[in-house]
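Inspection log for the structure reproduced underneath, given as C-alpha cells.
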Amino acid sequence: MLQNYRGIIELIGNTPILKVDGLDTGPCELYLKLENQNPGGSIKDRIGLAMIRAAEREKKLGGEQRHLVEATAGNTGLGLALVAAQRGYTLTLVIPDKMSQEKIFHLRALGAEVVMTRSDVEKGHPAYYQDLAQEIARREGAFYVDQFSNPANPFAHETGTGPEIAKQLGGRLHAMVCGVGSGGTLTGLSRYFAKAISSCEMVLADPEGSVLKGVVETGRIGRAGTWLVEGIGEDFVPPNCDLSRVKRAYAIPDRESFETARDLLRTCGVLAGSSTGTLLAAALRYCREQTSPRRVCTLVCDSGNKYLSKMFNDFWMQDQGLTERAPTGDLRDLVS
Ligand code: PMP
940 MLQNYRGIIE
950 LIGNTPILKV
960 DGLDTGPCEL
970 YLKLENQNPG
980 GSIKDRIGLA
990 MIRAAEREKK
1000 LGGEQRHLVE
1010 ATAGNTGLGL
1020 ALVAAQRGYT
1030 LTLVIPDKMS
1040 QEKIFHLRAL
1050 GAEVVMTRSD
1060 VEKGHPAYYQ
1070 DLAQEIARRE
1080 GAFYVDQFSN
1090 PANPFAHETG
1100 TGPEIAKQLG
1110 GRLHAMVCGV
1120 GSGGTLTGLS
1130 RYFAKAISSC
1140 EMVLADPEGS
1150 VLKGVVETGR
1160 IGRAGTWLVE
1170 GIGEDFVPPN
1180 CDLSRVKRAY
1190 AIPDRESFET
1200 ARDLLRTCGV
1210 LAGSSTGTLL
1220 AAALRYCREQ
1230 TSPRRVCTLV
1240 CDSGNKYLSK
1250 MFNDFWMQDQ
1260 GLTERAPTGD
1270 LRDLVS
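Structure below.
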C-alpha cells in the first residue's frame, strides 16, 4: 500500500530486505537489509534521530542548548545533520581526512560545520577525531553526542533494526553478519537476537588492519594497521561495542571488500558503500563454509553514491594498487 509521509524523519527505518541472487552463497540463503534506503543514505540515520531524541528527553539538547558536536566517519554526521536541520540546531562534525569528498559536500550542503582532521593518528592524540570533537564541545559548551558510548545508539538497533529483520524473515535467521564502527549496530542486534532468536549467531566482518577480530579470537588488542574501507574497523574497543556474543570473525582485505561491492552492483543492481563490501565478503565466506542450508542476513550500510570517485572508479583502484593497470595502448585507437 502506498503511504504518505509528513516529514523526512518519518522515512527513517522500515527499510526493505532483499534476497541475494547471482552470487555464490554455498548452501545458504543470504539476505541484505537495505539501510542505504534511509533518507540520509545510511544506517546512521536511525541513530542520528535516536540520539537527538534521547538528548532532548534528557534536557541535554533543546531550550538554550542548540549546538551539537560529533566525531564521525561521515554517515552519523549525515543522520544528525538531517535531523538537526529540521530542528534548527547548529552541528559541528569532526571527520578524519580519508573520508570521501562526496560525504563532506553533502554535509556542508545540509548546513553542518565540518572540521577535517588527521586519519593517521590513534586515540589519545589531540588530532584524533574523537579527542578533537570532545575538546571542541568542551571549549564551546556544546553537547557532545558521542556515538561511541551513547546508549541511544545500540538501543535504536535493539528496538528498531533487530525487530524489523526478525519480522521480515519470519523469525527464521541462523546468522547475522555485522561490522563495527561505534559498535552500535552489532551490540544492539546482539542484544535483540539474544532475546528474540537465541540460536542466531553473531558474525563480525572486520577490515584487515582493525584490532577487533583479534579481540574476538584472543581477547587482546593488537597493533592496528590501516585500511581504506570507510566507517568500520577500529584501533580500540568502543564502550558501545559488546563482542561477547560474536562466534566467528573474518578479516577482509580492502581489495576483496571493493571487488565484492562492485560485484554486488553488477549482479544485484545494489549501489552500496565500501563497508557493505566488507560485510558481504564476510557473509559470503561464512555461507560457503556451511555444510547445511542456513539463513544469513547482513546489511547494506550505506549508498555507493559517495564512493563513485573511489572504489567504483577504475583509475582510483589502480592508483591504490588494487587492480592491475590497464595497458595505455595507442591513444589514436581511442579517437579513430
Ligand atoms: N558502515 C558505515 C558506512 C558506517 O559509516 C558505519 C558507522 N561509522 C558503520 C558501517 C558501522 O556501524 P556502527 O557504528 O553501528 O558500528
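Residue numbers for the sequence shown follow the numbering used here, so the first one is 940 and each next one is one higher. Note that beta-carbon positions come from the ideal geometry of N, C-alpha and C, so glycine has one too.
Residue closest to residue i, alpha-carbon to alpha-carbon, out of the options
i: F1254; options: R1264, K999 and T1230; result: R1264
i: V1209; options: I947, E949, P955 and Q942; result: P955
i: P966; options: V1235, S1248, I951 and G1243; result: V1235
i: V1008; options: T1100, Y1131, A1072 and Q1259; result: A1072
i: D1241; options: G1260, C1207 and K972; result: K972
i: Q1025; options: T1011, L1049, Y1225 and E1097; result: L1049
i: S1039; options: K1249, R945, C1226 and L969; result: K1249
i: P1177; options: Q942, G1164, A1200 and V1150; result: V1150
i: H1006; options: A993, G1260 and Y1028; result: Y1028
i: N1278; options: K983, E968 and N1252; result: Residue 1278 falls outside the range modelled here, since the chain spans only 940 to 1275, and no answer is possible.
i: A1200; options: C1226, N1252, L941 and Q1107; result: N1252
i: M1115; options: S1231, M1256 and L1218; result: L1218
i: L1030; options: G1063, Y1083, F1044 and Q1069; result: Y1083
i: G957; options: R996, L1203 and G1243; result: With the sequence shown as reference, residue 957 is identified as Leu, and Gly is not the correct amino acid for it. Among R996, L1203 and G1243, the Cα nearest to that of L957 is on L1203.
i: E1041; options: G1013, E1228 and S1058; result: G1013
Residues bridged to residue i (per DSSP)
i: S981; result: D1241
i: E1009; result: L1032
i: Q976; result: Its beta-bridge partners do not exist; DSSP assigns none.
i: L1112; result: Paired residue(s): none; L1112 is not in a bridge.
i: R1277; result: Nothing about residue 1277 can be reported from this structure: the residues present for the chain run from 940 to 1275 only.
i: A1211; result: S1242
i: F1082; result: L1007
i: I1191; result: P1146
i: V1185; result: M1141
i: G1001; result: Q1004
i: E949; result: Partner(s): none; E949 has no beta bridge.
i: E1052; result: T1031
Coarse secondary structure for residue i, derived from DSSP in three states
i: M1038; result: coil
i: Y1068; result: helix
i: K1106; result: helix
i: S967; result: For clarity, residue 967 is Cys in the given sequence; the question names Ser instead. C967: coil per DSSP, three-state reduction.
i: I956; result: strand
i: Q944; result: It should be noted that the sequence gives Tyr, not Gln, for residue 944. If DSSP states are grouped into helix, strand and coil, Y944 belongs with coil.
i: C1117; result: strand
i: P1146; result: strand
i: R1057; result: coil
i: I1171; result: coil
i: E896; result: Absent from the model: residue 896. The displayed extent of the chain is 940 to 1275, so no value can be given.
i: E1263; result: coil
Residue i beta carbon near the ligand COA (any heavy atom closer than 7 Å)
i: E1140; result: With respect to the ligand COA, the structure offers nothing, as its ligand set consists of the ligand PMP.
Any chain D beta carbon closer than 8 Å to residue i
i: V1119; result: This model lacks chain D altogether, as it is built from one protein chain only.
At least 3 beta-carbon pairs within less than 8 Å: the stretch 1147-1155 vs the stretch 1178-1198: yes
At least 3 beta-carbon pairs within less than 8 Å: the stretch 1003-1022 vs the stretch 976-995: yes
Cβ pair count under 8 Å reaching 3, the stretch 1135-1148 against the stretch 999-1007: no
Cβ pair count under 8 Å reaching 3, the stretch 1192-1208 against the stretch 1145-1152: yes
The stretch 1168-1185 touching the stretch 1113-1122, judged by at least three CB pairs closer than 8 Å: yes
Sufficient close CB pairs (3 or more, under 8 Å) joining the stretch 986-996 to the stretch 1090-1098: yes
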